[in-house]
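First up is the structure itself, then whatever we jot down about it.
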Amino acid sequence: MKKFNIRKVLDGLKEQASSSASSGQSGTQENNLMQETLQSENFQLCKTVRHGFPYQPSSMAHDPVQKILAIGTQSGALRLFGRPGVECYCQHESGAAVISLQFLINEGALVSALADDSVHLWNLRQKRPAILHSLKFNRERITFVHLPFQSKWLYIGTEKGNIHIVNVESFTLSGYVIMWNKAIELSSKAHPGPVVHISDNPMDEGKLIIGYESGIVVLWDLKSKKADYRYTYDEAIHSVAWHHEGKQFICSHSDGTLTIWNIKGQGKPFQTITPHGKQPKDGKKPEPCKPILKVEYKTTRLGDPFMILSGGLSYDTVGRRPCLTVMHGKSTAVLEMDYPIVDFLTLCETPYPNDFQEPYAVVVLLEKDLVVIDLAQNGYPIFENPYPLTIHESPVTCCEYYADCPVDLIPALYSVGSRQKRQGYSKKEWPISGGNWGLGTQSYPEIIITGHADGTVKFWDASAIMLQVLYKLKTAKVFEKSRNNKEEKQNTEIVDEDPFAIQIMTWCPESRMLCVAGVSANLIIYRFSKQEITTEVVQLLEVRLQYEVNDMESPPEGGGGGDRGGGGDRDLPTPGTASPSPQTTGPPTHPSTSSNSSDGVRDNVACLKVRSTPLKQSPGYQVELVVQLVWVSGEPPQQITSLALNSSYGLIVFGNSNGLAVVDYLQKTVLLNLGTVELYGSNDPYQRQPRSPRKTRQPSGGLCDINEGSASEDRCKSPTSAKMSRKLSLPTELKPDLVLLSVCPPRGANPLDHRDNSFSRSRSSSVTSIDKEAREAITSFHFCETFARKGDSTITPCLYVGTSLGTVLAVALNLPPAGEQRLLQPVIVLPSGTLGRLKGSILRMAFLDNTGTFLPPAFELWYEPNAVGADSEERDKARKRRPVSVSPSTSQELQESQYAVVCSEKQAKVIALPSQNCIFKHSITETSFVLRADVVQMNIGNCVACFCANGHIMTLSLPGLRPLLDVNYLPLTDMRIARTFCFTNLGQAMYLTSPTEIQRITYSQETCENLQEMLGELFTPMETPEAPNRGFFKGLFGGGATSLDREELFGETQAGKASRGLAQHIPGPQGLEGMKGAASGVVADLARARIALDERGQKLGELDERTAAMLASADSFGKHAHDMMLKCKDKKWYQF
0 MKKFNIRKVL DGLKEQASSS ASSGQSGTQE NNLMQETLQS ENFQLCKTVR
50 HGFPYQPSSM AHDPVQKILA IGTQSGALRL FGRPGVECYC QHESGAAVIS
100 LQFLINEGAL VSALADDSVH LWNLRQKRPA ILHSLKFNRE RITFVHLPFQ
150 SKWLYIGTEK GNIHIVNVES FTLSGYVIMW NKAIELSSKA HPGPVVHISD
200 NPMDEGKLII GYESGIVVLW DLKSKKADYR YTYDEAIHSV AWHHEGKQFI
250 CSHSDGTLTI WNIKGQGKPF QTITPHGKQP KDGKKPEPCK PILKVEYKTT
300 RLGDPFMILS GGLSYDTVGR RPCLTVMHGK STAVLEMDYP IVDFLTLCET
350 PYPNDFQEPY AVVVLLEKDL VVIDLAQNGY PIFENPYPLT IHESPVTCCE
400 YYADCPVDLI PALYSVGSRQ KRQGYSKKEW PISGGNWGLG TQSYPEIIIT
450 GHADGTVKFW DASAIMLQVL YKLKTAKVFE KSRNNKEEKQ NTEIVDEDPF
500 AIQIMTWCPE SRMLCVAGVS ANLIIYRFSK QEITTEVVQL LEVRLQYEVN
550 DMESPPEGGG GGDRGGGGDR DLPTPGTASP SPQTTGPPTH PSTSSNSSDG
600 VRDNVACLKV RSTPLKQSPG YQVELVVQLV WVSGEPPQQI TSLALNSSYG
650 LIVFGNSNGL AVVDYLQKTV LLNLGTVELY GSNDPYQRQP RSPRKTRQPS
700 GGLCDINEGS ASEDRCKSPT SAKMSRKLSL PTELKPDLVL LSVCPPRGAN
750 PLDHRDNSFS RSRSSSVTSI DKEAREAITS FHFCETFARK GDSTITPCLY
800 VGTSLGTVLA VALNLPPAGE QRLLQPVIVL PSGTLGRLKG SILRMAFLDN
850 TGTFLPPAFE LWYEPNAVGA DSEERDKARK RRPVSVSPST SQELQESQYA
900 VVCSEKQAKV IALPSQNCIF KHSITETSFV LRADVVQMNI GNCVACFCAN
950 GHIMTLSLPG LRPLLDVNYL PLTDMRIART FCFTNLGQAM YLTSPTEIQR
1000 ITYSQETCEN LQEMLGELFT PMETPEAPNR GFFKGLFGGG ATSLDREELF
1050 GETQAGKASR GLAQHIPGPQ GLEGMKGAAS GVVADLARAR IALDERGQKL
1100 GELDERTAAM LASADSFGKH AHDMMLKCKD KKWYQF
C-alpha cells in the first residue's frame, strides 16, 4: 500500500497553482513525473566570505599582541586579516569612509571613526564581528582619534581644534574638554587649524601632546588643565611621533622637513632634517620638498633608532614612484612602491610605548597593494604575501567557478604553479599571524578561474572558503608584441587597448583541456602537461566567419590575393560529409593570407599576429592550437560571444553575431562554418531583409569561403599531411539545400571594455535587451549524447546551439572510432533542425535522464601528452579508451528517455526527448531579464539557478520548474557584477563586488548552517606581555613611567556631564539580543558575560539618571523651602 505524504500533496497543489502561469504542460506528463527531492527548505541565501585587496583603502591599524591587521576603506568596509586563511569582512551601514582605526590591544575590540563624524566600537570576539556602540557627533567634524594602550578613554580631535574624551566601555562623552583657545592662548592670533595628532607622553600619561595643522604643538597637562609648553614652527604639521623615553618628539612638515624637539626646549627645534633636500654649500635653507605625510620614530636596545617616513621627495623627481624612506643611523634607504602610499605602520616587539620598540617590520598600505618590509635583514626584503590580494593585478574581465573538481587537479596545478614564484623574499614567516582557522566539514575541491585584461589566466584554489593562487598562464606569449607603426595599429582597430584581454573561458576539469577567447576575435586551445617543451611552429587556423550573401561572391579571374587559389572552382561536399583535406598556405614568414585590395580594403587579415619564432612552453598549460577570425572585405571580425569544448569528441565550437564554427583540434581542421541563418536551412522562421551590396566590397572566393590560400594541387592532401605548416585553411561542410539570405547586422566591433563599470556580455548578445535587430547571434552551446531528431530511437553525439532570438537548434556529430582512426578519418557534422523556441536569448542548456539525474557531457580523462617510453604507451592506451560518457540506455522505446532543460533571458522549459514535447514551462521574469543561469547539482538533486538584472537570485526545481528560492539579493548597480557572476554545484556562487574583490555567496541551507564552524576566529585569548622593568635607580629616584588615574580625572564626579547636543549615542544595530546568537564556544561565555555587564550597566545608568533627577528635584524643593523660611523668619503671626 502506498504511504500517504502530506508534503507531496502540498507540493502538488503549489505546482498546480504555478502551472497556470507557467502554462502548457502535456497531458501525459503525470505518467512520467519523477520524484523531486529538492524543496524550498533546502535553500537559503547568505554571503560566505570576501577575498581580494580592500578596494580604495583609507586607514589601517595593528594589534601587536593578537597580531591582527585591520584595513578600512572609502566605502565604509572593514577587512580584518590574521594568519593566512583567517580573513573577515564587515561593513558600516552608512558607507562613509573610514578615517581612523584603533585596536583595544588584546581586548578583542576595535574602534572605527568615519568621515560622517561617527565613532563605532566593534566586538571581534565573535566570528562575525558586530557593532556594540556608536556615537554620532553633531556639531564638530572628527579629524584624529587616539586610544592609549590599556586605557578605556578615547581622545577625539576635531576640525575646530577641540579634543573630546569618550569612555570606550559605555561610549559616553566625558565632561572633560580641551578647547583650542585655552590650548594655544596668546601664542597665536589665528585659529590653529584642525587637530592632526594626539598622543600621551610615553613616560607620563598625564601629559598629552596635541598637534595642530598650522604648525603649533601643545604639551597639555591633563591634571592642571593647562598647557605646559607650546612649540611653534612656520610650516604645516602632518604627523608627530615620540621617542620612547618621552624627552623628545619629532614632527613632519609640509615642506619636506623633520623637526626634532626637546619637550623642555621651547622656541627653536633641537634639530631640523630635510631627508631628500639638496643641502646648499653656503649654509642656506635647503630647497623645499614634497610634504612628509607621516613619520615614525622607533628605538632599539642595541643599535641606532629607526626613522621611517613616507613622502618628502624633491620636486625635481618628476615621474618617480612613491617612496618609503628608512633612516637607520647614517644609512638612508629609499624603497620605491608601485602605487601611492595610503598609510604605514611599524611592527614592534612590545606594545608598551615606554620601552625600547625593537621594530622588525613595516606594513605599507598602498592604493592597490599591501607590502610588508623586513627591517631585520640587509636590503630590507619584503615578505611573500600569503593573502589572495593580486586578483586585480590586471583588471578581471571574466570568471568561472568549479566546485567538486577531481581530487588530483589542485595538486597538479600547484606543482606547476610553484615553479613560477619569484625569488628574493624574506626568509622569515609572515608576521601577521593571529586568529585560528575554522573547523569546516566542507571538503570538496573548488577552483576559481579569472581572465584578465592583459591576457593572463589565473587558477585559484577556493576550497573551504579560502583562496590561494595555484597557477598563472600568460596567453599573450603566443602573439608577437605590436609595434608602434601605424600599419600594425590598424590591424588591431577592433580594440583600442588591451588587445589580449580574455573574454570567455571554457575548461574541462577531467581532461584539463582549456580554451580561451580574446577580445581580438581569437581562440587559444591549451593542453596540460607536466613536462617542458619547445614548440617550433605554433599551429594556426584562420576563419572567415561572415553572415551576408553579399560578402560571398565569386572572385574575378586571378583572385584577389597573392597566394589565393581558385576558390570559385571548389566542389561543394555532399550532405553529411566534410571535406577532409585542409588547404595549406605559405610558410610562416610569408604574409600570404593578408591581402589588401588596391583601394585599401583589408581582407583575410587577423587582428593579432601569432609569433613565428619557437615558443618555449613551461610545465602547465601549453598551446595546442590558435584560431583567429579574420577581416572580411574591409569588415572587422565580430567578437566571440559563446564558446564550448568537448574533450571526448576533440571539438571546439564558437559563435558570434555572424554565425558559428566547429573546429576539430585533433586534426586541426574546421568542420562547420555557417552564418546563423544557414542553420535553419529552408525553414527560417524569421523575416530577414537582404542588404544591398556595397561598391567598396572586395570579392572573395567560394561559397561561404573560409580561408582562401592554397593552390589546387594541395587539395588532395590528407588531414595529417599539413600538420607542420604554419597556417591551415579550413574545409567547410554545407548542405546544398541551405538558403543563403542576407541580413543587416550593425557592423563595426563592440570591443569588450573591461574597465570598472562597463560590460560586454559573453553569454548573451543583449544585456539591455534592446539590441533586437534583424541579426541573430549565437549565445550558447552544449555538447551531449542525445537524440538528434524528433522520434529518433538511438542517441548520438550532438551539439545543441542557442541563439539570441531564443531558438535551440541541434547539430548531429558523426565521430570516427577512438584511437588512430579518430586522427585519420573526418568528423561528419550535420545540422538536424530546431528543438524549440523561448523568449529572450538562450543562456544555458542541460540534459537529464528519465530518472531526473543530471547528464554531464562526455569527457576524456587526462593523460600526459608529452610522454616518452613507458609513459608513451600509457598515453596511447588512454587515447584508445572509449571516452567517459553517462548516457542512458536506449532500450526504453515506449517512453521518454531524456529531458532537455533550456533556460533563456525570460523563461525556462523542460522538453521531453525524443518526442520533443514541452512538458514544463516557467516564466522567470516579465519586467527584467536573466543575466546568468546554470543547471547545478545539489547534494540531493538538481535545480536551475538564475541571477536577474533586477538583483533577484532564484532557483527552480527540476524537472517541474517549481520556484524554490527567490531573494532580492542586490540591485544591479554595476555591470561588473553581471559580467562576473557565476553559479556552480553544491549551492555556491561568486561575483566581483569591486575591481579588486571577489564576493562568495551560498544558496544552500546546509552550507549556511555550517558556515559558523567554517569561519575562522580572529580573537585568541592570550596574556598581555609584562610591562618593562623600571629598574632600581629609576624606582628610587623617579624617572620611570608615571601613571594617571583617568577614571577620576575624566569621570562624571570631577569632570561633570558632557553637553547633550554634542553627540548622540546609538546602540549596536543588532542590539544585545543579536550578539547572544552570534557568539559561540569559549567566546560565547566571554560575550555573554560582557552582555550581562552591558545590560547591568544600562540599567544602572537608567537608575542613575532617575536618582539624579530625584536629587535635583529634592535640591530645588530644599532651596525653595529655605528661601521661604528666610522670607518668613522675622514675621509675626499676624503679618501672614
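Counting from 0, one number per residue, gives the positions in the sequence shown under numbering that gives the first Met the number 0. Each residue gets a CB set at the ideal place from its N, CA and C atoms; glycine is no exception.
Can you tell me which of the three DSSP states residue 536 falls into? Here residue 536 refers to the residue found at position 537 of the sequence shown. Reduced to three states, the DSSP call for residue 536 is coil.
Measure the C-alpha to C-alpha separation of residue 612 and residue 819 and round it to an integer number of angstroms. Along the sequence shown, read from residue 1 onward, the residue named residue 612 stands at position 613. Along the sequence shown, read from residue 1 onward, the residue named residue 819 stands at position 820. The alpha-carbon atoms of residue 612 and residue 819 are separated by roughly 30 Å.
Taking the alpha carbon of residue 42 as the reference point, which residue from 67, 137 and 1000 has its own alpha carbon closest? In the sequence shown, the residue the question calls residue 42 occupies position 43. Answer by Cα proximity: 1000.
Sequence-distant residues of its chain with Cβ nearer than 7 Å to residue 787 (five each side left out): Translated into positions along the sequence shown, residue 787 becomes position 788. So the qualifying residues of the chain are 795, 797, 809, 811 and 831.
Coil, strand or helix - residue 937 by DSSP: As a first step, residue 937 must be located in the sequence shown, where it is residue number 938. It is a strand residue.
Among 979, 69 and 329, which one has its Cα closest to the Cα of residue 364? The residue labelled residue 364 in the question sits at position 365 within the sequence shown. Checked all of 979, 69 and 329; the closest Cα to residue 364 is 69.
For my contact list, residue 387 and residue 409 are in at a C-beta cut-off of 8 Å; report their separation, rounded to the angstrom. Here residue 387 is taken as the residue at index 388 of the sequence shown, counted from 1. Here residue 409 is taken as the residue at index 410 of the sequence shown, counted from 1. Not confirmed; about 15 Å, so no contact.
Assuming residue 472 is part of the beta strand (DSSP E), what are its boundary residues? Against the sequence shown, residue 472 aligns to sequence position 473. 467-473 is the extent of the beta strand (DSSP E) around residue 472.
Residue 962 - partner residues in DSSP beta bridges: In the sequence shown, counting from the first residue as 1, residue 962 sits at position 963. Partner(s): 955.
Buried or exposed: where does residue 1144 fall if 16 or more other Cβ atoms within 10 Å of its Cβ makes it buried? A question about residue 1144 goes unanswered here, because the residues of the chain that appear run from 0 up to 1135.
Note down, in chain order, each residue of its chain lying with its Cβ closer than 7 Å to the Cβ of residue 505, except the 5 sequence neighbours on either side. As a position in the sequence shown, residue 505 is number 506, starting the count at 1. Once the five neighbours on either side are set aside, the close Cβ partners of residue 505 are 514, 642, 643 and 644.
Quick check: the Cα distance between residue 1102 and residue 77, rounded to an integer number of angstroms? By 1-based counting over the sequence shown, the position of residue 1102 is 1103. By 1-based counting over the sequence shown, the position of residue 77 is 78. Whole-angstrom Cα-Cα distance: 36 Å.
Taking 8 Å as the limit between beta carbons, can you name the residues of its chain near residue 36, skipping five residues before and five after? The count along the sequence shown starts at 1 and reaches residue 36 at position 37. Contacts found: 939 and 940.
Under 6 Å Cβ to Cβ from residue 993, same chain only, skipping five residues before and after it: list those, please. Looking up residue 993 in the sequence shown gives position 994. If we look at residue 993 and ignore the five residues flanking it on each side, its Cβ neighbours are 54.
Relative to the C-alpha of residue 154, which candidate in 126, 131, 186 and 209 has its C-alpha closest? Translated into positions along the sequence shown, residue 154 becomes position 155. Of the candidates 126, 131, 186 and 209, the one whose C-alpha sits nearest the C-alpha of residue 154 is 209.
What is the rounded straight-line gap between the Cα of residue 205 and the Cα of residue 272? To locate residue 205, count along the sequence shown from 1; it is residue 206. To locate residue 272, count along the sequence shown from 1; it is residue 273. Spanning the two alpha carbons is a distance of roughly 29 Å.
Out of 351, 357, 279 and 371, point me to the one whose CA is closest to residue 334's CA. As a first step, residue 334 is located in the sequence shown; it is residue number 335 there, counting from the start. The shortest Cα separation from residue 334 among 351, 357, 279 and 371 belongs to 371.
For residue 537 versus residue 625, is the C-beta distance shorter than 7 Å? Mapped onto the sequence shown, residue 537 falls at position 538. Mapped onto the sequence shown, residue 625 falls at position 626. Cβ distance < 7 Å, so residue 537 and residue 625 count as in contact.
By how many angstroms is the C-alpha of residue 466 removed from the C-alpha of residue 511? As a first step, residue 511 is located in the sequence shown; it is residue number 512 there, counting from the start. As a first step, residue 466 is located in the sequence shown; it is residue number 467 there, counting from the start. Answer to the nearest angstrom: the Cα atoms are 20 Å apart.
Apply the 10 Å Cβ neighbour rule to residue 1118 and answer buried if 16 or more other Cβ atoms are within range, or exposed otherwise. Taking the first residue of the sequence shown as 1, we reach residue 1118 at position 1119. It counts as exposed.
Below 8 Å on the Cβ atoms is my contact criterion, and I expect residue 239 with residue 198 to pass it. Report the Cβ-Cβ distance as a whole number of Å. Stepping through the sequence shown from its first residue, residue 239 is reached at position 240. Stepping through the sequence shown from its first residue, residue 198 is reached at position 199. Confirmed, about 7 Å.
What ranges does the beta strand (DSSP E) occupy inside the region 359-444, keeping only unbroken runs of at least 3 residues that lie completely in it? 369-373 and 395-402
Is it right to say residue 328 is buried, meaning 16 or more other beta carbons lie within 10 angstroms of its own, or is it exposed? Mapped onto the sequence shown, residue 328 falls at position 329. The residue is exposed, with fewer than 16 neighbouring Cβ atoms inside 10 Å.
Measure from the alpha carbon of residue 923 to the alpha carbon of each residue in 393, 949, 108 and 913, then state which is nearest. In the sequence shown, counting from the first residue as 1, residue 923 sits at position 924. Measuring from the Cα of residue 923, the nearest candidate turns out to be 949.
By the 10 Å Cβ neighbour count, where 16 or more other Cβ atoms means buried, how is residue 230 classified, buried or exposed? The count along the sequence shown starts at 1 and reaches residue 230 at position 231. The residue is buried, with at least 16 neighbouring Cβ atoms inside 10 Å.
Boundaries of the beta strand (DSSP E) in which residue 86 is found, first to last residue: Indexing the sequence shown from 1 puts residue 86 at position 87. Residue 86 -> beta strand (DSSP E) spans 86-90.
Using CA atoms only, rank isn't needed, just tell me which of 171, 160 and 167 is closest to residue 181. As a first step, residue 181 is located in the sequence shown; it is residue number 182 there, counting from the start. Checking every option, the nearest Cα to that of residue 181 belongs to 160.
In chain order, what residues of the same chain lie with their CB nearer than 6 Å to the CB of residue 100, ignoring the 5 residues before and after it? For the purposes of this step, residue 100 is identified with residue 101 of the sequence shown, where counting begins at 1. Around residue 100: 58, 60, 69, 71 and 111.
Which partner residues does residue 176 have in the DSSP bridge list? Indexing the sequence shown from 1 puts residue 176 at position 177. According to DSSP, residue 176 bridges with 163.
Label residue 1060 either buried or exposed according to how many other C-beta atoms from any shown protein chain fall within 10 Å of its C-beta, with 16 as the threshold for buried. Indexing the sequence shown from 1 puts residue 1060 at position 1061. Result: exposed.
Thinking just about the alpha-carbon of each residue, which of 518, 377, 930 and 56 is nearest to the one in residue 974? Counted from its first residue, the sequence shown places residue 974 at position 975. Of the candidates 518, 377, 930 and 56, the one whose C-alpha sits nearest the C-alpha of residue 974 is 930.
Closest residue to residue 255 among 1047, 223 and 289 (Cα-Cα distance): Sequence index remark: in the sequence shown, residue 255 carries index 256 (1-based). Per the Cα distances, 289.
Environment of residue 412 [buried if 16+ CB atoms lie within 10 Å]: Here residue 412 is taken as the residue at index 413 of the sequence shown, counted from 1. Answer is buried; the Cβ neighbour count reaches 16.
Give a yes or no on contact between the region 973-988 and the region 942-957, applying the rule of three or more CB pairs nearer than 8 Å. yes
Looking only at its chain, what residues have a beta carbon closer than 8 Å to the beta carbon of residue 756, apart from the 5 residues adjacent to it on each side? Residue mapping note: residue 756 aligns to position 757 of the sequence shown, counting from 1. For residue 756, the pLDDT reaches just 41, beneath the cut-off of 50, and the residue's location in the model is therefore unreliable, leaving the point undetermined.
Alpha carbon to alpha carbon, how far is residue 341 from residue 147? Give it in angstroms, no decimals. As a position in the sequence shown, residue 147 is number 148, starting the count at 1. As a position in the sequence shown, residue 341 is number 342, starting the count at 1. Rounded to the nearest angstrom, the two C-alpha atoms are 23 Å apart.
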